Amino acid sequence: TYAIEIRDLKKQYENGFEALKGINLKVKKGDFFALLGPNGAGKSTAIGILSSLVNKSSGSVSIFGVDIDQDFAKAKKYLGVVPQEFNFNVFETVFNVVVTQAGFYGIKRPLAMERAEKYLKLLDLWDKKDTQSRMLSGGMKRRLMIARALIHEPEVLILDEPTAGVDIELRRSMWEFIKKLNEQGTTIILTTHYLEEAEQLCRNIAIINSGEIVENTSVSALLKTL
Ligand code: ADP
Ligand code: ADP
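Everything in the sequence shown is counted per UniProt numbering, starting at 2 for the first residue and increasing by one.
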């Protein structure tokens with residue numbers, strides 16, 4: 002079974018706009034996968050459907066063989082999602098943002114606190130644990146989103162434009178962090194509109210444009226064609 006299998010996925014928004022025109026994608030367990038495409042291509046729509054924040058119009062999505070229509074509660078345990086927009090409660094402390102998330106997965110408080118400490122330390126946010134999250138810089142907020150997404154130690158981490166608006170130094174350290182997670186076995190899927198980001202980090206790549214997958218190959222094969 003694949004980590005993610007998407008079959009003929011379509012999304013038409015209320016206003017009639019077709020953001021996904023029937024995409025097919027398979028991502029293997031352990032892969033480091035990029036969904037590359039320009040703004041408006043449909044990347045966030047696809048991520049939104051995977052994390053059930055957006056309803057699909059048709060098609061199917063399975064996560065480790067679990068169809069999201071059949072058992073989303075089970076499927077979502079495999080996934081950690083880092084959306085593009087900051088969506089934590091800005092008045093909560095950094096520590097509580099992460100611990101609160103654990104509640105959605107039925108993780109008991111002592112374990113939640115232990116993991117929050119582990120991931121906040123790994124993401125270099127531990128000294129900010131008692132700070133209200135609204136006080137953080139953009140880069141720190143981004144790292145907080147990642148720590149929160151890891152609280153249930155998901156098999157697959159999905160990052161929507163993780164380095165958008167992040168300065169070059171932090172971008173490098175985020176790349177290193179994500180690479181290490183992948184080396185430890187976490188399947189990574191990221192969306193980006195930078196070819197450079199995809200080629201430096203990822204193993205496999207799908208290129209999406211106007212709601213259609215126009216290329217789906219390994220990064221090394223793609224580079225040979227350029
Ligand atoms: P990307 O993440 O690749 O930039 P999106 O998935 O955000 O692309 O958007 C794909 C297309 O769908 C864009 O043209 C966008 O304007 C449109 N779109 C996104 N959300 C909505 C919505 N709620 N209603 C109508 N159109 C939308
Ligand atoms: P947007 O228009 O930016 O999607 P919404 O107010 O519609 O904002 O959605 C609120 C945000 O809260 C969503 O983007 C979603 O990522 C986040 N959210 C909602 N429920 C949860 C949850 N259980 N765990 C994590 N994030 C959540």
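Here a beta-carbon is modelled for each residue, glycine too, at the ideal position from N, C-alpha and C.
Remember, it's a predicted structure, so these values are computed and weren't measured experimentally.
Considering just the uninterrupted stretch of the alpha helix (DSSP H) at residue i, what are its terminal residues?
| i | result |
| --- | --- |
| Asn-225 | Rather than Asn, the amino acid found at residue 225 in this sequence is Lys. It spans 220 to 226 - the alpha helix (DSSP H) in which Lys-225 sits, taken as one unbroken run. |
| Thr-101 | 95 to 104 |
| Ser-45 | 44 to 51 |
| Ser-174 | 169 to 184 |
| Gly-140 | 139 to 150 |
| Phe-73 | 73 to 78 |
| Leu-36 | Leu-36 -> not in any alpha helix (DSSP H); beta strand (DSSP E) instead, spanning 33 to 37. |
Along the chain, where does the beta strand (DSSP E) containing residue i start, and where does it finish?
| i | result |
| --- | --- |
| Arg-8 | 5 to 13 |
| Ile-210 | One detail in the question is off: residue 210 reads as Asn in this sequence, not Ile. That run of the beta strand (DSSP E) goes 205 to 210. |
| Lys-159 | One point to set straight first is that residue 159 is Ile, not Lys, in the sequence displayed. It spans 157 to 161 - the beta strand (DSSP E) in which Ile-159 sits, taken as one unbroken run. |
| Lys-22 | 19 to 28 |
Contact check, residue i vs residue j under 8 Å by CB: the rounded distance?
| i | j | result |
| --- | --- | --- |
| Ile-159 | Ala-103 | Contact flag wrong, Cβ pair sits at about 18 Å. |
| Glu-213 | Lys-22 | 5 Å |
| Thr-188 | Ala-4 | 5 Å |
| Ser-53 | Ile-69 | 6 Å |
| Asp-168 | Gly-140 | 7 Å |
With a threshold of 7 Å, establish whether the CB of residue i neighbours any heavy atom of ligand 1.
| i | result |
| --- | --- |
| Lys-22 | no |
| Ser-58 | no |
| Tyr-3 | no |
| Tyr-195 | no |
| residue 230 | Residue 230 lies beyond the stretch modelled for the chain, which goes from 2 to 227, so this question has no answer here. |
| Tyr-106 | no |
| Glu-15 | yes |
Below 8 Å, can you find three or more Cβ-Cβ pairs linking the segment 112 to 119 to the segment 176 to 191? no
Report yes or no: do three or more beta-carbon pairs, one from the segment 33 to 40 and one from the segment 75 to 93, lie closer than 8 Å? No: fewer than three Cβ pairs fall under 8 Å.
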